[in-house]
Amino acid sequence: MIPVLQFRTIFFLFIIFVAYFINPLPVSARVTPEDIINERSEVYNQKIDNYSQSSQDRLKIVSERITRMNQAKTDELSWIMETQGRILDEYETRFPRKNTKQVEEARYWITYTHEAVAYQAAKIYIFDISGESNLESDLKRTIGFFRSELDSARSKVIKSQQILTKVL
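In terms of our numbering, the sequence shown opens at residue 2 and continues consecutively.
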């Protein structure tokens, strides 16, 4: 009885093994943020091709303005974060082994916030447009989204500043 059971088990496993190699499972392609941006950009460009020249110019001007504003604001926030890091480094140099728990927390927040600011700087804003007749509301919605994300980065900078102040 045992040899028959072993034979059936081995035969069953062999069939599964062969079936697996004959019909491999489909492998899904990994979607990267760049793929998402490219897809959204392509859809956006297809939509605005049918818009009037004045609407296309308006979209281009506002898009460039958002990009410049994002760059300027994130450069400023990044400079603040670098300054906070230098201040904390100097504090650690002058007072080694003092408030180590608070220093670690401040270091964490400075690093976390600096990464958040860098992430904000790398963002590309593509308008989610619903039609030429709704252009103003679509622009306002995207601008509002941009402002809220920039305010989020700014609030993280303020939080890290408050934590650094507690250490000092």
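Note that beta-carbon positions come from the ideal geometry of N, C-alpha and C, so glycine has one too.
Burial state of residue i, where buried means 16 or more other Cβ atoms lie within 10 Å
i                : result
phenylalanine 13 : exposed
isoleucine 154   : For the record, residue 154 in the displayed sequence is alanine; it is not isoleucine. Burial call: buried.
serine 161       : buried
isoleucine 130   : buried
Cβ-based neighbour list, residue i, same chain, cut-off 7 Å, excluding 5 preceding and 5 following
i              : result
asparagine 100 : Val168
isoleucine 125 : Ile38
alanine 117    : Ala154, Lys157
arginine 95    : none
arginine 31    : none
Residue i vs residue j beta-carbon contact at 8 Å
i              : j              : result
isoleucine 164 : alanine 107    : yes
valine 63      : leucine 140    : yes
arginine 41    : isoleucine 127 : yes
glutamate 137  : tyrosine 52    : no
aspartate 122  : glutamine 57   : Note on identity: in this sequence residue 122 is alanine, with aspartate being the wrong assignment. Their beta carbons are not under 8 Å apart, which means alanine 122 does not touch glutamine 57 by this criterion.
For residue j and residue i, the rounded distance between their alpha carbons
i                : j             : result
arginine 98      : glutamate 105 : 11 Å
arginine 66      : glycine 86    : 30 Å
glutamine 54     : histidine 115 : 40 Å
phenylalanine 22 : isoleucine 81 : 57 Å
arginine 69      : threonine 33  : 25 Å
glutamate 35     : glutamate 43  : 12 Å
Beta-carbon proximity list for residue i, same chain, < 8 Å, skipping 5 on both sides
i             : result
glutamate 93  : Val104
isoleucine 17 : none
isoleucine 88 : Leu165, Leu169
glutamate 91  : none
threonine 10  : none
Exercise for review: Count the CB pairs spanning the stretch 105-121 and the stretch 135-146 that are closer than 8 Å, and state whether there are at least three.
Suggested key: No, they do not touch.
Check your understanding: Counting pairs of Cβ atoms below 8 Å between the stretch 43-63 and the stretch 73-91, do you hit three or more?
Key -> Taking 8 Å as the limit for Cβ pairs, the verdict is that the stretch 73-91 does not touch the stretch 43-63.
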